[in-house]
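J.: If you're matching them up, the sequences are chains H and S in order.
In case it helps, the working numbering puts the first sequence at residues 962 to 1168.
In case it helps, the working numbering puts the second sequence at residues 962 to 1168.
Starting off with a structure, shown below.
Number of protein chains: 2
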Amino acid sequence: MTRPSEVTRERIMKAAERLFAERGYDGTSVRAIVARARVNQAAINYHFEGKDGLYREVLRAAFQGLTEHQLAHAAEARAMSREEALAAFIRRQLRPLLARDEASRHIRIFNWESVRPTPVFRKLLSEEAAPFMGLATDLMRRFLPDADHRTLTVAAIWLLGQCSVFVRNREQLAGPPVQLSLEEAAVEWLAQTISRWTILGLGRAAG
Amino acid sequence: MTRPSEVTRERIMKAAERLFAERGYDGTSVRAIVARARVNQAAINYHFEGKDGLYREVLRAAFQGLTEHQLAHAAEARAMSREEALAAFIRRQLRPLLARDEASRHIRIFNWESVRPTPVFRKLLSEEAAPFMGLATDLMRRFLPDADHRTLTVAAIWLLGQCSVFVRNREQLAGPPVQLSLEEAAVEWLAQTISRWTILGLGRAAG
DNA sequence: TCCGTTTTCAAACTATTGTTTGAATTGTCC
DNA sequence: GGACAATTCAAACAATAGTTTGAAAACGGA
C-alpha cells in the first residue's frame, strides 16, 4: 500500500459520505462523487470495485463511527443518575439538529437505509447493531428494572423514535407551518422537554 | 371525459401508488408502472404529462386519503376520554404494522418523503398539513391545557415519532436481532404500551 | 354509417447511469 | 537510472432512464 493511492481513496470516501448522506444511494451518481472528490471516473472501480463496494465501505465506517461515538459515553453514563444519563443520550441523538458534522452525516445515512434497507445494510445491521441497541436497553433497564426483554427492546426503540422524528424531519420542521427553531438554546430546550416526558412516561410503568 | 380513458388512468394510479410506496420515487421506473398497470408506455405521459405529474397526483390522493382517514375519527375522539382518544390515535398510526391496505401505503409514501422531500411534496405539505397536525395538537392540548403553542407542536411531533419509528423500521424490527412480532395481539400490546408511556409522560408535565 | 376526436400502441430518441478499456503516467525497488 | 508494478486518465461501452413520435385503433355524436 503506497501513500498517494491512499489519498485518493480517502478523498473518494469523504466525498461519497457527504453525498450519500445528502441524497442517498440511488440519488448519488459516481460522476457526482468523482467530481466532488476531484478524481478520475475509473478511480471508484479501481479502489472499491464499483459503487456498491464504495457504499459498503462508507456504511461500515459510518456504523463504526456511530457506535464508537456512543460507546465513548457509556462509561460516564454509568456514573450519572439515570435521569442525567437519559438526558445526555437524548441530547446526543438530537445532535444532528445543530451540527453538520461527521456524526450527523452518519445518522442521516442510516435514515436513508431505514426506508428501504439495502442488502449490504441488512447484513451489517444484524452483525453490529447489538452493541448500540444494548446501550439503549441498558439505559431503559434503569427505569424498568422488572421489565422483560421484549418490553426493554420496545422501550429502547421507542426512545430512539422520539428523537429520530425530529432529526429526520429537520428540514420540514424548520420551515412553515411548524417553524421549529434550530438554534442551540432551542435544541437544548427540546432535549430537556423530551427527556422530561420520557422520564415521566417510564416513571411508574410496570412494563 | 369518456369512460375507457378513466379506466387506464385509474389503473396507472393504482399501480403507481403501490410501487411508489414500496420503492420510492427514484426507485420506481415508468416502465415498471406501465408493466404492472398493463398499459402502454406513453400512457403516463398522455394522462399525467410525465412521471412527475403522476407522482403529484398519487401524492395528493395519499394525503387526502390519510387526512380523511384521521378526520373521520375526530368526532368520535371528542366523545372519548383523552386517554381513550390517545390510545385510538396511536392504534391508528400503528396500523401499517398489521395491514397492507391503502392507508398503510399512504403512510409509507410519506416515509419516503421524510428523508428527502421532493418539491412537489413540500408544497403539498405546507398547504395541507395543517388539519392533520391540528388533530394531533388538539389531542395534546387535552393533556397539556396550559402549554404554549410551541410546546403543543413539539408534543404532537413527539407523539407521531413514537409511532412512526415502529412503522418505518417494520422490516428490520421483524427480523433479528429484535424479532418484534407483528401479529395482531402483539401490535395491540405495543399500542397499549406506547399509550401508557405517553400518557404518563404528559401526565404531570407543566410544559 | 361516417367524421372528427380521443385514446392506444410500438418504436425510436436523448440523456444519464455504472462500468470497462487500454494507453499514459507515476511511484517503488534493485 | 531502469524495470516492473501501481495508479491515473480520457474515452467509449452497454444498460436503463423518461420522453417523444406518428400512425393505428377505438370511441362518440351526427
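Glycine is no exception: its CB is placed at the ideal position from the N, C-alpha and C atoms.
These numbers were taken from a predicted model, which means no experiment stands behind them.
1) Unbroken alpha helix (DSSP H) runs of length 4 or more, entirely within the segment 1043 to 1115 of chain S: which are they?
2) Hey, does H:Asp987 have any beta-carbon neighbour from chain S nearer than 8 angstroms?
3) Taking 6 angstroms as the limit between beta carbons, can you name the residues of its chain near H:Pro1057, skipping five residues before and five after?
4) Could you pull the start and end residues of the alpha helix (DSSP H) that S:Asp1013 belongs to?
5) Along chain S, which residues have their Cβ under 7 angstroms away from the Cβ of H:Leu1121?
6) Mind pulling the chain H residues with CB within less than 7 angstroms of S:Val1115?
7) Have a look at S:Trp1158 and S:Leu1105 and give me their C-alpha separation to the nearest angstrom.
8) Identify the contact partners of H:Thr1159 in chain S, using a Cβ-Cβ distance below 7 angstroms as the criterion.
9) Who are the neighbours of S:Asn1130 on chain H, taking C-beta pairs under 7 angstroms?
10) Determine contact between the segment 1044 to 1056 of chain H and the segment 1150 to 1157 of chain H, defined as no fewer than three beta-carbon pairs at a distance below 8 angstroms.
11) Considering only residues of the same chain and omitting the five flanking positions on each side of S:Asn1072, which have a CB-CB separation below 6 angstroms?
12) In whole angstroms, what separates the C-alpha of H:Val1000 from that of S:Lys1012?
13) Which whole-angstrom value describes the C-beta separation of S:Leu1096 and S:Ala1035, a residue pair presumed to lie in contact below a C-beta threshold of 8 angstroms?
14) Within its chain, find whatever has a CB closer than 7 angstroms to the CB of H:Ala982; leave out the 5 residues flanking it on each side and keep chain order.
15) What residue range does the alpha helix (DSSP H) around H:Glu1144 cover?
16) Can you tell me whether S:Gln1025 is buried or exposed? The criterion is at least 16 other CB atoms within 10 Å of its CB, across all chains shown.
17) Taking C-beta pairs closer than 9 angstroms, name the residues in chain S that H:Pro1118 reaches, listed in chain order.
18) Please name the residues in the segment 1082 to 1102 of chain S whose beta-carbon is closer than 8 angstroms to at least one beta-carbon of chain H, in chain order.
19) Measure the CB-CB distance between H:Val1148 and H:Leu1055 and report whether it falls below 8 angstroms.
20) Contact check, S:Leu1120 vs S:Val1081 under 8 angstroms by CB: the rounded distance?
21) Taking the alpha carbon of S:Leu1059 as the reference point, which residue from S:Ala1146, S:Glu971 and S:Arg970 has its own alpha carbon closest?
22) With a threshold of 8 angstroms between beta carbons, is S:Pro1078 in contact with chain H?
23) Report buried or exposed for S:Gln1002, applying the criterion of at least 16 other Cβ atoms within 10 angstroms of its Cβ.
24) Quick one: which residues of the segment 999 to 1014 of chain H get their C-beta closer than 9 angstroms to a C-beta of chain S? List them in chain order.
25) Going by beta carbon distance, what residues of the same chain come within less than 8 angstroms of S:Arg1053, once the five residues before and after it are set aside?
26) With 16 as the cutoff for other CB atoms within 10 Å, does H:Ala1135 come out buried or exposed?
27) Nearest by alpha-carbon distance to S:Leu1086: which of S:Ala1022, S:Asp1107, S:Arg1061 and S:Asp1109 is it?
28) Under a Cβ-count criterion, where at least 16 other Cβ atoms within 10 Å of its own Cβ denotes burial, should S:Ala1091 be classed as buried or exposed?
29) By DSSP, does S:Met1041 sit in helix, in strand, or in coil?
30) So which residues of chain H does S:Arg1052 contact, with C-beta pairs closer than 8 angstroms?
31) State yes or no: is the C-beta of H:Arg1083 within less than 8 angstroms of the C-beta of S:Gly988?
32) Alpha carbon to alpha carbon, how far is S:Ala1108 from S:Ala1152?
33) Indicate whether at least one CB of chain S lies closer than 8 angstroms to the CB of H:Arg1043.
34) Quick check on S:Thr963: does DSSP put it in helix, strand or coil?
35) Quick one: is H:Met962 near chain S, going by C-beta distance under 8 angstroms?
36) Quick check: the Cα distance between S:Ser1075 and H:Ser1125, rounded to an integer number of angstroms?
T.: Inspection of the coordinates gives the following:
1) 1043 to 1054, 1056 to 1059, 1063 to 1076 and 1080 to 1104
2) Answer yes: the Cβ-Cβ gap between H:Asp987 and chain S drops below 8 angstroms somewhere.
3) Ser1065, Ile1068 and Val1128
4) Lys1012 to Leu1032
5) Residues of chain S passing the Cβ test: Val1126.
6) Leu1151 and Thr1154
7) 15 angstroms
8) Gly1162
9) Near S:Asn1130 (Cβ distances below 7 angstroms), the residues of chain H are Ser1075.
10) yes
11) Arg1129
12) 34 angstroms
13) 6 angstroms
14) So the list reads Arg1066, Arg1069 and Ile1070, once near-sequence residues are dropped.
15) Counting along the chain, H:Glu1144 falls outside any alpha helix (DSSP H), and DSSP gives it neither H nor E.
16) exposed
17) Checking the sequence shown, residue 1118 of chain H turns out to be Ile, not Pro. In chain order: Val1126, Phe1127, Asn1130, Leu1134, Val1139 and Leu1141.
18) Result list: Arg1083, Leu1086, Ser1087, Ala1090, Ala1091 and Met1094.
19) yes
20) In fact, because the Cβ distance is near 26 angstroms, the residues do not count as touching under 8 angstroms.
21) Cα-wise, what sits closest to S:Leu1059 is S:Ala1146.
22) Closer than 8 angstroms to some Cβ of chain H, the Cβ of S:Pro1078 qualifies, so yes.
23) exposed
24) none
25) Scanning its chain for C-beta atoms nearer than 8 angstroms, with the 5 sequence neighbours on each side dropped, one finds around S:Arg1053 the residues His1030, Gln1031 and His1034, in chain order.
26) exposed
27) S:Ala1022
28) By the neighbour-count definition (other C-beta atoms within 10 Å, threshold 16), S:Ala1091 is an exposed residue.
29) coil
30) Near S:Arg1052 there are no residues of chain H at all, since even the closest Cβ is about 15 angstroms away, more than 8 angstroms.
31) no
32) 25 angstroms
33) no
34) Interpretation of S:Thr963 is limited by its pLDDT of 46, a score under 50 that renders its predicted location unreliable; no figure is taken from the coordinates.
35) With a pLDDT of 43 at H:Met962, under the threshold of 50, the modelled position of that residue is not reliable, and the figure given next carries that caveat. No, because no Cβ of chain S sits closer than 8 angstroms to the Cβ of H:Met962.
36) 11 angstroms
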